[in-house]
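Protein chains in written order, with my numbering: chain D, 57 to 306; chain V, 57 to 306.
Ideal placement from N, C-alpha and C gives every residue a C-beta, glycine not left out.
Here the structure is a predicted model, which means the values were calculated and not measured.
One structure is given here, and the rest of the page talks about it.
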DNA sequence: TCCTTCACCGTTGCATACAAGATGAAATGC
DNA sequence: GCATTTCATCTTGTATGCAACGGTGAAGGA
């Protein structure tokens, strides 16, 4: 596998984990090829990889898009995360002190990001907690699974989460780490299950999956803005990633 | 994604799950292209997909091969399976009677295959139990994960498992289903954990990963056969999959 | 005899060209 | 004015051709 193909793949994945790529965002092969200075072949390879990981999807002869999970798929993703992450905690018989320290450090960084205004960094950190946990208590295979599921739920939060849950999530994370430090893995698992439930409960799955996103993107509107700014023609600039909120986590 | 590419992908995956493709088997792009009557492009797409799923690997400019997990990777795979599958059972609050019935039916077919001599079918059924379970208690995402992990452990068993464990595995499966029927999910999870431990304990991870496989394949020898059969030139026939034992399961 | 070097062969890596389909707009008929 | 049809354009799907590289065996030298 070529290094540049990995770059494209991890670039897109990282952007999704950071909430910088909204569900439904179009990923033209040509655009990406220009952006990364490679041919369509390698772009396609990266997109195919991401498709098997459930991050993007292709509509035949129409284009590639970041996935827009349905309400049902959203529930499935949270269910899968509960299974894997509680299983992870329950299967762990012990945890190294260094691992606890690493998690506490992460919590600190996470907390700091709550006051900052870098929403992407915050989103990324909240997801990274889980990925980090999988890395510390599991192994590479588990980490891969958790990473893909986290990417998916990040997208789901962007679609269905009405308001920011970053503070609550960070607290939940702290509770989980506290339980781990006590060596109470059953409690940690229960807290994890509750944490994922919290986030899922905060979703409005009855809402149609972001029907305005396409329009917003087309007009380069910030979703918080009520009225459209001065009308300007749609610029064909590369990487049009309008930031939005919709902070997720688990 | 083209239908034929899916065919190639699932064909290889099915062959792995059935133990008909040994770890280390070479998968030439050209050979597969001829076999499936498609161009290398589609073959490559399928192989790239399988690579992201951890089933095959590519050695640059040398070729594609079915993965040969190392001893460390083997442990990781079993660890991952324990996490996911115990999590699956513990997260299940209930199980539909039809699901129990389906599992019992599977057990019956599984048992019958023990007396038969279709080793591939047996291997496939033993793995399918877990995939089926994930499908019944989890959802599509979980099933995908379990399927990929099962494929990996199937390969691991072919590499490191000295003797057949099919009977034991089938018994373990029955015990798990019995616990499920009682509604005792904790017991089912414990049995699953023990089951996976059994299989892992039956491995000889100190053994070099099947150093003779390459020779055997070259000479078309059955691993059970002590002496080589009448010397015949290596035939370039399609799908040269010499069956071997090495029954796995979890 | 053994080691080194070189050239050939086979394989994947990658780019490109062309085909096929979907979409939207313009033109046309009613 | 509205619906329908046709056409232009843009996108991905697929095949193919060539380049680059690893491996292997032969040839040559010590």
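Asked, Found
"Chain V residues whose Cβ lies nearer than 7 Å to that of residue 108 of chain D", "105, 108, 109"
"Residue span of the beta strand (DSSP E) that contains residue 119 of chain D, given as start and end", "119-122"
"Closer than 8 Å to chain D by CB, residue 222 of chain V", "no"
"Same chain, Cβ closer than 7 Å to residue 183 of chain D, five either side skipped, listed in chain order", "73, 206, 210, 305"
"Where residue 142 of chain V meets chain D, residues with beta-carbon distance less than 8 Å", "143, 146, 147"
"Range of the contiguous alpha helix (DSSP H) that encloses residue 209 of chain V", "196-216"
"In chain order, each alpha helix (DSSP H) run of at least 4 residues that lies wholly inside the stretch 147-185 of chain V", "153-171"
"Closest residue to residue 263 of chain D among D/214, D/245, D/249 (Cα-Cα distance)", "D/214"
"Assumed close pair residue 147 of chain D, residue 139 of chain V - CB separation to whole angstroms, cut-off 8 Å", "5 Å"
"Cβ-Cβ separation, residue 159 of chain D to residue 94 of chain D (assumed contact under 8 Å), whole Å", "Contact doesn't hold; Cβ gap of about 38 Å is too wide."
"Chain V contacts made by the stretch 126-140 of chain D, where a contact means CB separation under 7 Å", "132, 133, 135, 136, 138, 139, 140"
"Cβ contact check for the stretch 125-136 of chain V and the stretch 183-199 of chain D: 3 or more pairs under 8 Å", "yes"
"Residues in the stretch 168-195 of chain D having any Cβ partner in chain V nearer than 8 Å", "194, 195"
"Span of the beta strand (DSSP E), counted from its first residue to its last, around residue 81 of chain D", "No beta strand (DSSP E) holds residue 81 of chain D; DSSP gives it neither H nor E."
"One or two residues paired with residue 113 of chain D in a DSSP bridge", "D/121"
"Same chain, Cβ closer than 6 Å to residue 180 of chain V, neighbours up to 5 away in sequence not counted", "73, 74"
"Buried or exposed by the 16-neighbour rule on C-beta atoms within 10 Å, applied to residue 172 of chain D", "exposed"
"Rounded straight-line distance, which links the Cα of residue 238 of chain V to that of residue 113 of chain V", "43 Å"
"For residue 144 of chain V and residue 194 of chain V, the rounded distance between their alpha carbons", "7 Å"
"Burial state of residue 125 of chain V, where buried means 16 or more other Cβ atoms lie within 10 Å", "buried"
"C-beta neighbour in chain D for residue 197 of chain V, strict 8 Å", "yes"
"Limits of the unbroken alpha helix (DSSP H) element including residue 98 of chain D", "96-108"
"Residue 240 of chain D, DSSP secondary structure in three states", "coil"
"Residue 120 of chain V vs residue 83 of chain V beta-carbon contact at 8 Å", "yes"
"Between the CA atoms of residue 249 of chain D and residue 244 of chain V - distance to the nearest angstrom", "19 Å"
"Chain V residues whose Cβ lies nearer than 9 Å to that of residue 101 of chain D", "100, 101, 104"
"Straight-line Cα distance separating residue 261 of chain D from residue 221 of chain D", "16 Å"
"Range of the contiguous alpha helix (DSSP H) that encloses residue 89 of chain D", "85-92"
"Whole-number beta carbon distance between residue 170 of chain V and residue 115 of chain V, since they are thought to touch under 8 Å", "Rounded, the Cβ-Cβ distance is 38 Å, inconsistent with contact."
"Residue 228 of chain V classed as buried or exposed, judged by whether at least 16 other C-beta atoms fall within 10 angstroms", "buried"
"Closest Cα partner of residue 153 of chain D within the set D/192, D/103, D/186", "D/192"
"For residue 361 of chain D, the three-state DSSP class (helix, strand or coil)", "The structure shown has nothing for residue 361 of chain D, since chain D only spans 57 to 306."
"Cβ distance (whole Å) where residue 373 of chain V is taken to contact residue 223 of chain V below 8 Å", "The structure shown does not extend to residue 373 of chain V, since chain V is modelled only from 57 through 306, so no value can be given for it."
"Close-in-space but distant-in-sequence residues of the same chain around residue 167 of chain D (CB under 7 Å, 5 per side omitted)", "226"
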